[in-house]
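Asker: One structure follows; several queries about it will come next.
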Amino acid sequence: MYENDSEKSSRIVILLQYYLRRVKQDAKSLFKWILLAIITGVVVGAISSLFSFVLSAVTSFRENHLWIFLCLPLAGVLIVFLYKKIGRQDGGVNQVFSTVTSKDDVAFRSAPLIFIATAITHLVGGSAGREGAAIQLGGSIGNQLGRWFRLDEQDRHVIVMSGMSAAFAALFGTPMAAAIFSMEVVSVGVMYYTALVPCVVASLVASNFAAGMGIHPEVFHVTNIPKLTIATGCKMGVISIGCAVISVVFCVVLKQTSVVFHKKLKNKYIRVIIASLVIIAITLCLRTTDYMGAGIGGITDAIEHGVANPTAFFWKIVLTAITMRAGFKGGEIVPSFFVGATFGCTMGHLLHLSPSLCAAAGMAAVFCGVTNCPITSILIAFELFGFEGVSYYLIAVSISYAASGYYSLYKDQTIVYSKYKAKYVNRHTRM
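Read in order, the letters of the sequence shown are residues 34 to 464 in the working numbering.
Below you can see the structure in the form of structure tokens.
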């Protein structure tokens, strides 16, 4: 039977009403997430800016009063005490990842705890970064905002990722990489595209907020970038494989240091005191302050001047492992930048390829190896080094990702899809 004009009109009206409801629903969701992302970006950006100012202040104080380094054992005892009394259930960055996958819930008190503990660690010269604090700060603040706005569980996961991106962007000034990092790092092989808009908006807002407060990103000038040839490409491939091996070594040393400490030094106070004394002894023997704090100076020398001590990457791995597994707080990503930059620079000299370029590529490659985040690694290279050496950065990151296996800094990171086949594996990484 044929429909009459009245029936056709009714069907058209029903379809129009359906599509209008869909458009209205989608527009409402988009507006909600843009608004929440702006709020998250402002709040996290403000706190992260304060955090950056505090870290700069304590670092400056340490550099002008080197005697404070001898207070490392006392600072360690204070941090252990704070976490024993207030943060007993704090699980660090892994707890933030578990929150995204509904396996845990990061507490709001993690934010002030990691803020204070990281500042203390940097004040006394512990070999640690700041991104672990950034991820926890952003994740815990985002989670709390989700509670205040009465978001459901799925939406709270998204706002936690937005908080992570905002903090990363504010501290490092790399909004592109920050937006993707929180979407890529939790489950390797699966991107949380639902969080794309809020992560991008929160990153841009936080980054611009921090810039407005006078916090500008570290931008490195890479020199002597040669034209890509078979010879230079093969040399970069060799360096990339070396970076993958170094990233695995870094993760294994961190893991084994933790195992040894927990077996041999079960008392946390004794552990942090002995570890502090070992750090002081090694530093005095090496007669350098290069390994204190994040080590930005060493990264700058390697990339911009092509200068690095051939053993610098080794000592940074050792001192970071002792510092972080003894009980001090901060993060391992900036130390991994140092390790990659100094190793790459050293290899550049050995292979007669621009040490500056190799340092930059090595930094991105080791970061990729320890985090399993190739897209973030490429974006970090673009934002920090520019696009002139893009071919080399792509080679370094892709080979390091494939050759570094299933190791990671984060035990709660999940490899959802295999690195080597189009195959679902859903396994935890190794440390």
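Just so you know, even glycine gets a beta-carbon here, dropped at the ideal spot from N, CA and C. Keep in mind that this is a model prediction, so the values were computed, not measured.
Out of Leu442, Ala414, Gly245, Gly438, which one is the CA nearest neighbour of alanine 429?
Answerer: What you label residue 429 is simply residue 396 of the sequence shown in a count that begins at 1. Alanine 429 has its Cα closest to that of Ala414, out of Leu442, Ala414, Gly245, Gly438.
Asker: Going by other Cβ atoms of all chains shown within 10 Å of its Cβ, with 16 needed for buried, is cysteine 267 buried or exposed?
Answerer: Within the sequence shown, the letter at position 234 stands for residue 267. It is exposed - the Cβ of cysteine 267 has fewer than 16 other Cβ atoms within 10 Å.
Asker: Could you give the distance in angstroms between the alpha-carbon of leucine 49 and the alpha-carbon of glycine 270?
Answerer: Residue 49 sits at position 16 when you count from the first residue of the sequence shown. Residue 270 sits at position 237 when you count from the first residue of the sequence shown. Leucine 49 and glycine 270: Cα-Cα distance of roughly 57 Å.
Asker: Determine, using beta carbons only, whether histidine 249 and glutamate 337 come nearer to each other than 9 Å.
Answerer: Here residue 249 is taken as the residue at index 216 of the sequence shown, counted from 1. Here residue 337 is taken as the residue at index 304 of the sequence shown, counted from 1. No, these two residues do not count as a Cβ contact at 9 Å.
Asker: Would you identify the three-state DSSP class for valine 218, choosing helix, strand or coil?
Answerer: One-based indexing of the sequence shown puts residue 218 at position 185. Coil, per DSSP.
Asker: Tell me where the beta strand (DSSP E) around threonine 447 begins and ends.
Answerer: On the sequence shown, residue 447 is found 414 positions in, with the first residue counted as 1. Per DSSP, threonine 447 belongs to the beta strand (DSSP E) from 447-450.
Asker: State the start and end residues of the unbroken alpha helix (DSSP H) segment that holds histidine 338.
Answerer: Along the sequence shown, one-based indexing puts residue 338 at 305. From DSSP, the alpha helix (DSSP H) with histidine 338 extends over 329-338.
Asker: Apply the 10 Å Cβ neighbour rule to proline 343 and answer buried if 16 or more other Cβ atoms are within range, or exposed otherwise.
Answerer: As a first step, residue 343 is located in the sequence shown; it is residue number 310 there, counting from the start. Burial call: exposed.
Asker: Can you tell me the Cβ-Cβ gap for alanine 235 and serine 173, rounded? I've got them flagged as a contact below 8 Å.
Answerer: Counting from 1 along the sequence shown, the entry for residue 235 is found at position 202. Counting from 1 along the sequence shown, the entry for residue 173 is found at position 140. The pair is not a contact, with the Cβ atoms about 15 Å apart (cut-off 8 Å).
Asker: Count the other C-beta atoms from every protein chain shown that fall within 10 angstroms of the C-beta of lysine 260, then say buried if there are 16 or more, exposed otherwise.
Answerer: As a working mapping, residue 260 is identified with position 227 in the sequence shown. With fewer than 16 other Cβ atoms within 10 Å, it is exposed.
Asker: Have a look at the DSSP bridge pairing and note the partners of arginine 460.
Answerer: Taking the sequence shown and counting its residues from 1, one reaches residue 460 at position 427. Partner(s): Ile448.
Asker: Please return the same chain residues whose Cβ sits closer than 6 Å to the Cβ of threonine 256, not counting the five positions on each side in sequence.
Answerer: Numbered from 1 along the sequence shown, position 223 holds the residue referred to as residue 256. If we look at threonine 256 and ignore the five residues flanking it on each side, its Cβ neighbours are Ser389.
Asker: Which one of Val46, Ile71, Ser431, Val56 has the shortest CA to CA distance from phenylalanine 242?
Answerer: Residue numbering aside, residue 242 sits at position 209 when the sequence shown is read from its first letter. The shortest C-alpha separation from phenylalanine 242 is found at Ile71.
Asker: Counting C-beta neighbours from all protein chains within 10 Å, is the total for glutamine 446 16 or more, i.e. buried, or is it exposed?
Answerer: As a working mapping, residue 446 is identified with position 413 in the sequence shown. By the neighbour-count rule (16 or more Cβ atoms within 10 Å), glutamine 446 is buried.
Asker: Which first and last residues belong to the alpha helix (DSSP H) in which alanine 161 is found?
Answerer: Reading the sequence shown from its first residue, position 128 is the one you call residue 161. Here alanine 161 belongs to no alpha helix (DSSP H), and DSSP marks it neither H nor E.
Asker: Taking the straight line between their C-alpha atoms, what separation do you get for phenylalanine 294 and alanine 374?
Answerer: The residue labelled residue 294 in the question sits at position 261 within the sequence shown. The residue labelled residue 374 in the question sits at position 341 within the sequence shown. Roughly 28 Å between the two C-alpha positions.
Asker: Kindly indicate which three-state DSSP category tyrosine 116 falls into: helix, strand or coil?
Answerer: To locate residue 116, count along the sequence shown from 1; it is residue 83. Correct three-state label for tyrosine 116: helix.
Asker: In whole angstroms, what is the alpha-carbon distance linking glycine 328 and valine 223?
Answerer: Your numbering for residue 328 matches position 295 in the sequence shown. Your numbering for residue 223 matches position 190 in the sequence shown. Taking the straight line joining both Cα atoms gives about 32 Å.
Asker: Please work out which residues of its chain come closer than 7 Å, Cβ to Cβ, to tyrosine 35, disregarding the five sequence neighbours upstream and downstream, and give them in chain order.
Answerer: Taking the sequence shown and counting its residues from 1, the one referred to as residue 35 is at position 2. Per-residue confidence for tyrosine 35 stands at a pLDDT of 48, beneath the threshold of 50, marking its modelled position as unreliable; the derived number appears in the next sentence. Same-chain partners within the cutoff: there are none.
Asker: How close, in whole Å, do the beta carbons of glutamate 416 and glycine 162 come, if the pair is a contact with beta carbons under 8 Å?
Answerer: Indexing the sequence shown from 1 puts residue 416 at position 383. Indexing the sequence shown from 1 puts residue 162 at position 129. 17 Å between Cβ atoms; not a contact.
Asker: So serine 280 packs on valine 399, CB below 8 Å; how close in whole Å?
Answerer: Locating residue 280 in the sequence shown gives position 247, counting from the first residue. Locating residue 399 in the sequence shown gives position 366, counting from the first residue. Rounded, the Cβ-Cβ distance is 5 Å, consistent with contact.
Asker: So, helix, strand or coil for cysteine 401, using DSSP?
Answerer: Along the sequence shown, one-based indexing puts residue 401 at 368. Note: cysteine 401 maps to helix in three-state DSSP.
Asker: Closest by CA to aspartate 188, which one among Leu63, Val372, Val77, Ile112?
Answerer: By one-based count along the sequence shown, residue 188 stands at place 155. Taking only the C-alpha atoms, the option nearest aspartate 188 is Leu63.
Asker: Return the CA-CA distance between glycine 395 and cysteine 378, expressed in angstroms with no decimal places.
Answerer: Within the sequence shown, numbered from 1, the residue matching residue 395 stands at position 362. Within the sequence shown, numbered from 1, the residue matching residue 378 stands at position 345. Going from the Cα of glycine 395 to the Cα of cysteine 378 covers about 8 Å.
Asker: Does the beta-carbon of leucine 53 have 16 or more other beta-carbons within 10 angstroms, so that it is buried, or is it exposed?
Answerer: Sequence index remark: in the sequence shown, residue 53 carries index 20 (1-based). Classification for leucine 53: exposed.
Asker: To the nearest angstrom, how far is the alpha carbon of lysine 297 from that of leucine 287?
Answerer: Here the question's residue 297 lines up with position 264 in the sequence shown. Here the question's residue 287 lines up with position 254 in the sequence shown. Each residue's Cα considered, the two are about 16 Å apart.
Asker: For the region 218-285, list the alpha helix (DSSP H) runs that are entirely contained and at least 4 residues long, ordered along the chain.
Answerer: You should have 229-245.
Asker: Closer than 6 Å by C-beta to serine 43: which residues in its own chain qualify, once you throw out the five before and the five after it? Chain order, please.
Answerer: For the purposes of this step, residue 43 is identified with residue 10 of the sequence shown, where counting begins at 1. Excluding residues within five positions, none has a Cβ falling inside 6 Å.
Asker: Could you check whether alanine 392 and alanine 335 sit closer than 9 Å to each other, using their CB atoms as the reference points?
Answerer: Translated into positions along the sequence shown, residue 335 becomes position 302. Translated into positions along the sequence shown, residue 392 becomes position 359. It is a contact, given that the beta carbons lie within the stated cut-off.
Asker: Leaving out five residues on either side along the sequence, give the residues of the same chain with a beta carbon under 8 Å from the beta carbon of valine 477.
Answerer: Because residue 477 is not part of the residues shown, which for the chain are 34 to 464, the question remains open.
Asker: Exposed or buried, valine 46, counting other C-beta atoms within 10 Å across all chains shown (16 or more means buried)?
Answerer: In the sequence shown, the residue the question calls residue 46 occupies position 13. So valine 46 ends up on the exposed side.
Asker: Which first and last residues belong to the alpha helix (DSSP H) in which isoleucine 101 is found?
Answerer: For the purposes of this step, residue 101 is identified with residue 68 of the sequence shown, where counting begins at 1. No alpha helix (DSSP H) holds isoleucine 101; DSSP gives it neither H nor E.
Asker: What does the alpha-carbon distance come out to for the pair isoleucine 67 and glycine 171?
Answerer: Translated into positions along the sequence shown, residue 67 becomes position 34. Translated into positions along the sequence shown, residue 171 becomes position 138. Straight-line Cα distance between these residues: approximately 17 Å.
Asker: Return the chain-ordered list of same chain residues with a C-beta closer than 8 Å to the C-beta of valine 449, the five sequence neighbours on each side being excluded.
Answerer: Here the question's residue 449 lines up with position 416 in the sequence shown. Ser220, Val221, Gly222, Val223, Tyr457, Val458, Asn459.
Asker: Using C-beta distances below 6 Å, list every residue in its chain close to serine 160, excluding the 5 sequence neighbours before and after it, in chain order.
Answerer: Start at 1 with the first residue of the sequence shown, and residue 160 comes out as number 127. Answer for serine 160: Tyr324, Leu352, Thr353, Thr356, listed in chain order.
Asker: How would you write the range of the alpha helix (DSSP H) that serine 309 sits in, first residue to last?
Answerer: Here residue 309 refers to the residue found at position 276 when the sequence shown is read from its first residue. It spans 301-319 - the alpha helix (DSSP H) in which serine 309 sits, taken as one unbroken run.
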